[in-house]
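A quick write-up on the structure given underneath.
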Amino acid sequence: MTDAWTPVALARDLPRLGVVPLCVDGIDIALWRSASGRVAAWADRCPHRGMRLSHGFVRGEALSCIYHGWSYGSEGQCLRIPAHPDLTPPEAIRVPVFQAIESGGVVWVAPKTTDAMPPAVGGTALRSLTVDAVVDWAASGFTLSSAVARGELSGVAMTILVQPLPNGRFALHALADSAAPAALIEASRGLEALRRQAEVALA
Amino acid sequence: MTDPIRDEWYPVALVSQLPQGDRDTLLLGEPIRVTLQDGQPMVTASGRVLRSQARYGHVWTSLGSPTRPLFDIPEADQPGRRLVDVGLVRVKCSPLRAVENFLDIAHFPFVHTDILGAEPHTEVGRYDVAIRDEVDEVWATKVQFYQPQAAKSAAGGITTEYMYRVPAPTVSVLYKTCPPRPGEWDVITLFVQPLTETLCEVWPWMALFDDTTPLTDLIHFQQTIFLQDRSILENQQPSLLPLDPGLEIPTRADLTSVAYRRWLKRRGYTYGAQLVAA
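Chains P and A supply the protein sequences, listed in that same order.
Just so we're on the same page, the working numbering is the position in the first sequence counted from 1, plus 4.
Just so we're on the same page, the working numbering is the position in the second sequence counted from 1, plus 387.
See below:
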């Protein structure tokens with residue numbers, strides 16, 4: 005099932021050495037990208053003192069906690085405890101790791117292990133925005149299949165990926181089937197209008 | 388019947404600020420009012436007058452019947468010391484997490500970068516920790532750490548020696564080498580007022596040998612440090628301090644924290660704490 009994957013960001017919005025907090029299916033996640041460009045999604049909690057790893061920092065291929073600098077390698081295992089530089093950290097110290105993949109210009113996360121691939125999407129990464137309401141896709145001429153809405157905005161064919169957020173909010177990650185600047189500006193305005201409509205309808 | 392939580396003394400106001408007006412605040416979730424009555428601090432809860440006293444620049448009170456006197460800081464009465472009211476920082480965290488963070492040195496290079504610590508000087512050497520049964524306090528001694536700017540009065544990097552003391556569940560007293568006065572210790576305290584189990588007000592207070600640094604600079608220095616700590620304290624999961632092992636992983640550098648948690652559990656002090664089984 006492709007439902008296992010949640011779209012969480014446009015790939016270009018997660019720079020190298022970047023780390024951001026996410027909440028997927030009620031699980032707090034630290035999403036980060038290493039110096040070589042690898043994307044990872046981990047439990048957002050350092051096992052040492054419970055500090056959020058999304059406040060941490062990336063060096064090379066490791067994510068470090070901002071509290072005491074404990075650093076963790078690609079499989080989530082603790083690599084280094086700065087207070088004890090000569091100590092090899094025990095195997096048992098590790099951060100839970102979730103599946104994360106970059107595909108079609110989008111970063112996807114699967115909190116539950118899956119063999120499926122995320123849905124095939126593509127286009128020019130336009131922008132992400134959040135909506136404080138449920139979008140009525142059919143009323144806007146879109147067809148929605150799991151997390152993927154397809155339709156047109158201001159005459160531009162669009163693929164919009166829907167990410168549920170806590171408290172009834174959603175993030176929309178928009179891809180356009182055009183790279184022409186004028187068309188992208190129109191599509192961006194169309195996306196804002198879509199959001200306005202949804203939020204006004206709710207109010 | 389004694390109550391290990393309500394019978395404690397808690398800081399609830401700065402004595403020096405009372406002339407500016409009453410202070411309505413919370414203690415252990417209960418609304419209280421701190422006021423001046425004939426020039427003396429008075430604390431009430433729903434009209435009931437609570438036991439209170441003025442000490443170390445602060446008003447201390449208790450919702451219950453304290454079974455022991457307020458802890459002693461002999462240095463507070465030592466001639467030549469400058470007593471500094473720093474004010475308060477409100478932190479959305481367990482009061483116990485705030486104390487535990489104050490007892491921790493391993494975070495200096497990462498949270499107080501280039502002030503209290505800096506990479507690559509991250510190593511925490513062995514130090515001594517004990518629960519001193521005769522006074523029922525937690526003590527950590529022979530704590531040493533390299534610091535780029537240990538105090539407002541420090542000119543450059545030095546290895547600072549510390550002693551930490553927990554004389555009450557929401558209080559920590561830090562003794563720190565005093566650069567201008569070898570042989571003496573500067574005293575920096577953390578008085579924590581538990582508003583609720585997950586909200587506290589932190590009142591740092593100092594007794595220093597420093598006649599030169601302007602008061603504003605001393606206060607700004609401490610506020611910078613505590614605001615850096617706040618960004619950590621408001622982002623720990625769970626927000627309650629786990630008293631049982633399992634949820635978190637201590638190392639040798641965390642021995643003070645381990646002793647503090649054990650001591651809290653032994654005293655039955657669970658306000659702001661969680662037991663794993665719960």
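For every residue, glycine included, the Cβ atom is placed at its ideal position computed from N, Cα and C.
- Cβ atoms of residue 591(A) and residue 577(A) come within 8 Å of each other, at about 6 Å.
- Residues 536 of the same chain have their beta carbon placed closer than 6 Å to that of residue 502(A), with the five preceding and five following residues left out of the count.
- In the DSSP assignment, residue 650(A) falls within the alpha helix (DSSP H) that extends over 642-654.
- Contact between residue 432(A) and residue 417(A) holds: their C-beta atoms lie close to 5 Å from each other, under 8 Å.
- Collapsing the DSSP output to three states places residue 436(A) in a strand.
- The C-beta distance from residue 178(P) to residue 111(P) rounds to 14 Å, too long to fall under 8 Å, and the pair is not in contact.
- For residue 177(P), no Cβ of chain A is located within less than 8 Å of the residue's own Cβ.
- In this structure residue 152(P) is not in contact with residue 190(P), their Cβ atoms being roughly 22 Å apart against a cut-off of 8 Å.
- Apart from the 5 residues on each side of it in sequence, residue 528(A) sits with its Cβ closer than 6 Å to the Cβ of 515 and 550 in its chain, given in chain order.
- DSSP, read as helix, strand or coil, puts residue 42(P) in coil.
- Taking a Cβ-Cβ cut-off of 7 Å, residue 607(A) has no neighbours in chain P, whose nearest Cβ is about 23 Å from it.
- Shown here, residue 423(A) sits in a strand according to DSSP, grouped into three states.
- Residues of chain P with a Cβ closer than 7 Å to the Cβ of residue 639(A) are, in chain order, 88.
- Secondary structure of residue 155(P) (DSSP, three-state): strand.
- Considering only 566(A), 447(A), 409(A) and 485(A), the residue with the shortest C-alpha distance to residue 398(A) is 447(A).
- For residue 51(P), the closest Cβ of chain A is nearer than 8 Å.
- A direct Cα-to-Cα measurement between residue 412(A) and residue 158(P) gives close to 56 Å.
- Between residue 98(P) and chain A, the shortest Cβ-Cβ separation is not below 8 Å.
- The beta carbons of residue 94(P) and residue 83(P) sit no closer together than 8 Å.
- By the rule that beta-carbons nearer than 8 Å mark a contact, residue 31(P) does not touch chain A.
- In its chain, beyond the 5 residues on either side, 107, 108, 109, 110, 152, 163, 165 and 179 have a beta carbon closer than 8 Å to the beta carbon of residue 125(P).
- Counting only Cβ-Cβ distances below 9 Å, residue 510(A) has contacts in chain P at 86, 87, 88, 89 and 90, in chain order.
- Annotation for residue 173(P): the continuous beta strand (DSSP E) segment containing it runs 173-180.
- By DSSP's assignment, residue 563(A) forms a beta bridge with 549(A) and 573(A).
- Residues of chain A whose Cβ lies closer than 7 Å to the Cβ of residue 76(P) do not exist, since the nearest Cβ in that chain is about 12 Å away.
- Per DSSP, the beta-bridge partners of residue 578(A) are 558(A) and 590(A).
- DSSP places residue 127(P) in the coil class of the three-state scheme, outside both helix and strand.
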